[in-house]
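**Student:** Can you read through this structure? Questions will come right after.
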Amino acid sequence: MVEREQLVEIAVSVGSVVLMIAAMVYVGSAYGTETSTLSPEGGQMLVGVIIGFILLMTVVGIALAYTVNDPEDGLESNDDDDVDAQGTF
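Note that UniProt numbering has the sequence shown beginning at 1, numbered continuously upward.
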(Lines of atoms letter the chains of each structure in order from A and count residues from 1; the text may use other names and numbers.)
(Lines give C-alpha, C1' and ligand atoms only; values in the text may rest on other atoms or scores of the structure.)
Protein backbone atom coordinates (compact mmCIF):
# COMPACT_ATOMS: atom_id res chain seq x y z
CA MET A 1 0.00 0.00 0.00
CA VAL A 2 1.27 3.45 -0.84
CA GLU A 3 1.82 5.69 2.16
CA ARG A 4 0.25 9.12 2.53
CA GLU A 5 3.57 10.94 2.11
CA GLN A 6 4.22 9.18 -1.19
CA LEU A 7 0.75 10.04 -2.44
CA VAL A 8 1.34 13.71 -1.60
CA GLU A 9 4.69 13.69 -3.41
CA ILE A 10 3.20 11.96 -6.46
CA ALA A 11 0.21 14.31 -6.62
CA VAL A 12 2.33 17.46 -6.33
CA SER A 13 4.85 16.21 -8.90
CA VAL A 14 2.20 15.16 -11.41
CA GLY A 15 0.37 18.45 -10.91
CA SER A 16 3.56 20.40 -11.60
CA VAL A 17 4.27 18.41 -14.76
CA VAL A 18 0.69 18.89 -16.00
CA LEU A 19 1.03 22.63 -15.34
CA MET A 20 4.24 22.74 -17.41
CA ILE A 21 2.70 20.78 -20.28
CA ALA A 22 -0.33 23.10 -20.26
CA ALA A 23 1.97 26.15 -20.35
CA MET A 24 3.95 24.65 -23.24
CA VAL A 25 0.77 23.90 -25.19
CA TYR A 26 -0.44 27.46 -24.58
CA VAL A 27 2.85 28.93 -25.81
CA GLY A 28 2.77 26.67 -28.86
CA SER A 29 -0.78 27.63 -29.75
CA ALA A 30 -0.41 31.35 -29.00
CA TYR A 31 2.98 31.87 -30.66
CA GLY A 32 2.87 29.23 -33.38
CA THR A 33 2.83 30.17 -37.05
CA GLU A 34 0.93 28.73 -40.00
CA THR A 35 3.81 26.44 -40.90
CA SER A 36 3.77 24.77 -37.47
CA THR A 37 6.91 26.54 -36.32
CA LEU A 38 7.41 28.67 -33.25
CA SER A 39 8.02 32.40 -33.61
CA PRO A 40 11.09 33.95 -31.95
CA GLU A 41 8.90 35.43 -29.23
CA GLY A 42 7.40 32.00 -28.67
CA GLY A 43 10.87 30.54 -28.32
CA GLN A 44 11.66 33.05 -25.62
CA MET A 45 8.39 32.27 -23.88
CA LEU A 46 9.16 28.54 -24.06
CA VAL A 47 12.56 29.11 -22.46
CA GLY A 48 10.80 31.09 -19.74
CA VAL A 49 8.36 28.22 -19.17
CA ILE A 50 11.25 25.75 -18.84
CA ILE A 51 13.09 28.02 -16.39
CA GLY A 52 9.87 28.51 -14.45
CA PHE A 53 9.39 24.74 -14.30
CA ILE A 54 12.90 24.25 -12.93
CA LEU A 55 12.32 26.89 -10.26
CA LEU A 56 8.87 25.46 -9.44
CA MET A 57 10.26 21.95 -8.99
CA THR A 58 13.05 23.31 -6.78
CA VAL A 59 10.55 25.07 -4.53
CA VAL A 60 8.26 22.03 -4.50
CA GLY A 61 11.16 19.74 -3.60
CA ILE A 62 12.28 21.95 -0.73
CA ALA A 63 8.72 22.36 0.54
CA LEU A 64 8.08 18.63 0.42
CA ALA A 65 11.36 17.90 2.17
CA TYR A 66 10.33 20.07 5.10
CA THR A 67 6.65 19.10 5.29
CA VAL A 68 6.85 15.36 4.65
CA ASN A 69 10.02 14.61 6.63
CA ASP A 70 9.28 13.11 10.05
CA PRO A 71 11.79 13.77 12.85
CA GLU A 72 11.57 10.09 13.85
CA ASP A 73 13.04 9.00 10.50
CA GLY A 74 16.54 9.88 11.62
CA LEU A 75 17.14 12.03 8.55
CA GLU A 76 17.93 15.11 10.62
CA SER A 77 21.18 15.46 12.48
CA ASN A 78 21.24 17.35 15.76
CA ASP A 79 24.73 16.19 16.73
CA ASP A 80 27.48 18.71 17.38
CA ASP A 81 30.03 16.27 15.91
CA ASP A 82 29.27 17.53 12.40
CA VAL A 83 30.17 21.08 13.39
CA ASP A 84 33.50 19.98 14.88
CA ALA A 85 34.46 18.02 11.77
CA GLN A 86 33.90 20.90 9.38
CA GLY A 87 36.95 22.87 8.42
CA THR A 88 39.48 20.45 9.98
CA PHE A 89 42.15 18.53 8.16
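Glycine residues also receive a C-beta, built at the ideal position from the N, C-alpha and C atoms. Quick caveat, the model's predicted, so the values are computed rather than measured.
Do S39 and Y31 have their CB atoms nearer than 7 Å?
**Tutor:** The residue you call residue 39 lines up with position 39 of the sequence shown. The residue you call residue 31 lines up with position 31 of the sequence shown. Yes, they are a contact pair.
**Student:** What is the C-beta distance between V12 and V60, in whole angstroms, given that I count them as a contact (C-beta under 8 Å)?
**Tutor:** By 1-based counting over the sequence shown, the position of residue 12 is 12. By 1-based counting over the sequence shown, the position of residue 60 is 60. Contact flag correct, Cβ pair sits at about 6 Å.
**Student:** At which residue ranges does the region 18 to 81 contain complete alpha helix (DSSP H) runs of 4 or more residues, listed in the order of the chain?
**Tutor:** Qualifying alpha helix (DSSP H) stretches, in chain order: 40 to 68.
**Student:** Where does E3 sit, in a helix, a strand or coil, going by DSSP?
**Tutor:** As a position in the sequence shown, residue 3 is number 3, starting the count at 1. Coil at E3, not helix or strand.
**Student:** Would you mind sorting M1 into buried or exposed? The rule is 16 or more other CB atoms within 10 Å of its CB.
**Tutor:** By 1-based counting over the sequence shown, the position of residue 1 is 1. That one is exposed.
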